[in-house]
Amino acid sequence: MQRDDGQPEPLVREIGVTAPSPLVQLHDERLDGLGISLHLKRDDLIHRDLRGNKWRKLRPNLEAARRQGHTRLLTFGGAFSNHLAATAAAGRLYGFDTVGVVRGEEHRPLNDVLTGVVRHGMTLTYLDRASYRRKADPNVISGLRKRFGDFYLIPEGGSNALAVQGCTEISREIGSGFDIICCPCGTGGTLAGIAAGLTPHQRAIGFSVLKGGDFLAGEVRRLQSEAFGFMRGNWSVESEFHFGGFAKRAAALDDFIADFRQRHSLDLDWVYVAKMMYGIFSLACRGSFPDGSRLVAVVTG
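Following our numbering, the numbering of the sequence shown begins with 222 at its first residue and continues without gaps.
Following this line, the structure appears as structure tokens:
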């Protein structure tokens with residue numbers, strides 16, 4: 222089927238999606254005094270349930286699942302996984318059954334995240350941590366297919382070649398008028414996509430939210446190779462600002478979030494976005510960005 226403009230009708234319609242997401246300037250005297258401008262790419266406003274990079278990553282996978290005739294999605298995540306929440310919401314919105322494989326043992330009552338995914342219709346199953354580490358093993362996948370039937374597999378965090386291609390839209394929407402694009406980094410998929418869409422004079426920085434996040438550079442290279450056949454863009458991973466590791470925080474981060482809320486009336490997601498923003502301000506104060514640098518921070522959630 223074709224639209225009136227001759228283009229093919231999309232397999233996945235943008236239900237309640239605001240795209241492109243807003244790009245707004247953040248006026249902060251700490252950066253202004255250093256000659257640095259910062260804009261926020263408000264991907265957190267894309268959709269109430271499919272915010273930010275979750276929609277960017279999921280949409281091309283939903284298209285592929287529908288094109289291949291699948292009616293069920295299966296994916297992996299921890300008990301507080303935003304990716305599980307987004308996949309469950311996408312299933313409800315676009316007519317897919319969903320299965321979430323949760324790391325660790327089942328705990329009752331369910332936390333707010335898992336309560337929400339069940340409300341969206343997701344079926345939950347659990348893998349002990351040793352088995353979960355082998356979640357990509359063909360024998361594990363085969364066992365899941367025996368239990369749940371055929372499904373379209375989406376990896377933990379949603380990062381695969383299709384997801385990376387979807388994330389190139391971020392840098393294309395931002396355009397060439399900026400020097401550095403920053404994003405939080407958990408699996409490397411968003412950074413891989415953003416970097417692939419850069420113009421020659423731009424670079425991208427991914428701020429790892431994981432302790433020991435230097436390995437993410439290898440993940441970015443792998444994902445870009447799978448998505449495009451070669452590495453693309455000028456990018457790096459900054460691994461200093463993890464505050465103890467994934468979903469961990471410290472008093473300094475909490476103080477930064479409170480101060481940012483007071484200055485800008487914006488609550489920062491502490492798992493991902495606040496760590497990136499803390500890193501940006503820290504690097505700026507150290508003189509890591511040349512005077513006159515034009516930065517964009519992608520607010521993913």
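Note that the Cβ used here is the ideal one computed from N, Cα and C, for glycine as well.
On a predicted model such as this, the values are computed, not experimentally measured, just so you know.
Exposure of residue i, with buried meaning 16 or more beta-carbon neighbours within 10 Å
i      : result
Gly254 : exposed
Ile236 : exposed
Pro405 : buried
Val245 : exposed
His422 : exposed
Glu377 : buried
Glu327 : exposed
Lys547 : This structure cannot speak to residue 547, because the chain is shown only from 222 to 522.
Presumed contact (8 Å Cβ cut-off) between residue i and residue j, rounded CB distance
i      : j      : result
Val520 : Leu261 : 5 Å
Phe372 : Val320 : 7 Å
Phe587 : Leu487 : Because the chain is modelled from 222 through 522, residue 587 falls outside the range shown and cannot be assessed.
Under the three-state DSSP convention, the category residue i falls into
i      : result
Gln223 : Reliability of the predicted coordinates at Gln223 is poor, the pLDDT of 41 falling under 50, and the value obtained from them is presented with this limitation in mind. Correct three-state label for Gln223: strand.
Phe317 : coil
Ala468 : coil
Gln386 : helix
Ile362 : helix
Leu279 : helix
Ser380 : coil
Arg424 : strand
Ser402 : One detail in the question is off: residue 402 reads as Ile in this sequence, not Ser. Strand at Ile402.
His485 : helix
Tyr373 : strand
Spatial distance of residue i from residue j (CA atoms)
i      : j      : result
Arg224 : Phe436 : At Arg224 the pLDDT is 42, less than 50, meaning the model places this residue with poor confidence; the figure from the coordinates comes in the next sentence. Going by the C-alpha atoms only, they are around 44 Å apart.
Ser380 : Gly409 : 7 Å
Ala307 : Thr411 : 15 Å
Gly439 : Ala416 : 14 Å
Ser363 : Gly370 : 10 Å
Ile313 : Ile501 : Here residue 313 is Arg; the residue named in the question, Ile, does not match the sequence. Between Arg313 and Ile501, the C-alpha separation is close to 36 Å.
Asp476 : Lys469 : 14 Å
Chain D contact for residue i (CB, 8 Å cutoff)
i      : result
Thr411 : Looking for chain D here will not work: only one protein chain is present.
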